[in-house]
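What follows is a short report on a single structure.
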């Protein structure tokens, strides 16, 4: 972007952290890249937001080759503002981005809904879908479900109750909504990522705020229809966050992330194996 604004910036390093290439992307306005994923052709797909095309914030997608050279870029918007937070390569060679859109012209004051954008291998729009209810919904992560479609996880805020919960929805390969669920708890928490389970359901990694103000880890399990089966909270009494989860066998699960220790903000690797 121009002036003192922001730009979308990608850096590629080697195994030892040495710089291989760095690239910036965007136009005359502000841009930000929020997530990047490796592609089957050796390149990378990234998403975030841009203000360079229509003087408003729009979901931004751009594809680069293995050397970081831009192959294409595209922008999409619903409502007054849209942002991309996660993107993956789909089985047909295209890409699916998840994020959110705002329906109000005033930033931060309007209702937000989850925004899905499916493009082909060249960045041309195939379909887009808006998901959500009467409150604010934000999409953080999308996970493929074989040939059956995709599951998206995020956060739902209820204006009526003032509470935050995990939002979970499934769409078919053409983007049609099959179901949506709010996984409620006694605490305010949100879904940051979704991971497959052995029974065809999914694990939802999230973050929860405990009564003392510490950020902890939540791990929820949902069946194939999105119904909550259980929720477990980890890392209480100090700030912690989970980065990934996997099912180890039929009745146990492994979570990896970080946890603060010593009261001075130092972080250590956090690894837990649980049997609900």
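Numbering (the numbering used here), first residue to last: 5 to 280. Each residue gets a CB set at the ideal place from its N, CA and C atoms; glycine is no exception. These figures come from a predicted structure and were not determined experimentally.
Span of the beta strand (DSSP E), counted from its first residue to its last, around residue i
i: residue 282; result: Because the chain here runs from 5 to 280, residue 282 falls outside it and cannot be looked at.
i: residue 78; result: 74 to 80
i: residue 270; result: 270 to 278
i: residue 237; result: 232 to 238
i: residue 224; result: 219 to 226
i: residue 257; result: 256 to 265
i: residue 11; result: First-last for residue 11: undefined, no H or E at that position.
i: residue 204; result: Counting along the chain, residue 204 falls outside any beta strand (DSSP E), and DSSP gives it neither H nor E.
Coarse secondary structure for residue i, derived from DSSP in three states
i: residue 181; result: strand
i: residue 243; result: coil
i: residue 96; result: coil
i: residue 43; result: coil
i: residue 199; result: strand
i: residue 32; result: coil
i: residue 251; result: strand
i: residue 125; result: coil
i: residue 161; result: strand
i: residue 16; result: strand
i: residue 51; result: strand
i: residue 58; result: coil
i: residue 67; result: strand
i: residue 151; result: coil
i: residue 89; result: strand
i: residue 22; result: coil
i: residue 168; result: strand
i: residue 115; result: coil
i: residue 103; result: strand
Euclidean distance between Cα positions of residue i and residue j
i: residue 250; j: residue 132; result: 30 Å
i: residue 11; j: residue 17; result: 19 Å
i: residue 223; j: residue 280; result: 10 Å
i: residue 138; j: residue 155; result: 20 Å
i: residue 63; j: residue 171; result: 20 Å
i: residue 98; j: residue 247; result: 26 Å
i: residue 161; j: residue 168; result: 4 Å
i: residue 236; j: residue 225; result: 9 Å
i: residue 80; j: residue 265; result: 42 Å
i: residue 178; j: residue 153; result: 8 Å
i: residue 270; j: residue 158; result: 28 Å
i: residue 94; j: residue 243; result: 35 Å
i: residue 13; j: residue 88; result: 15 Å
i: residue 31; j: residue 60; result: 13 Å
i: residue 5; j: residue 29; result: For residue 5, the predicted structure reports a pLDDT of 38, less than 50, and the residue's modelled location is therefore unreliable. The matter cannot be settled from this model.
i: residue 115; j: residue 20; result: 44 Å
i: residue 256; j: residue 278; result: 5 Å
i: residue 57; j: residue 35; result: 10 Å
i: residue 212; j: residue 230; result: 20 Å
i: residue 85; j: residue 77; result: 18 Å
i: residue 130; j: residue 121; result: 8 Å
i: residue 39; j: residue 52; result: 7 Å
Three or more C-beta pairs below 8 Å linking the segment 24 to 34 and the segment 66 to 84: yes
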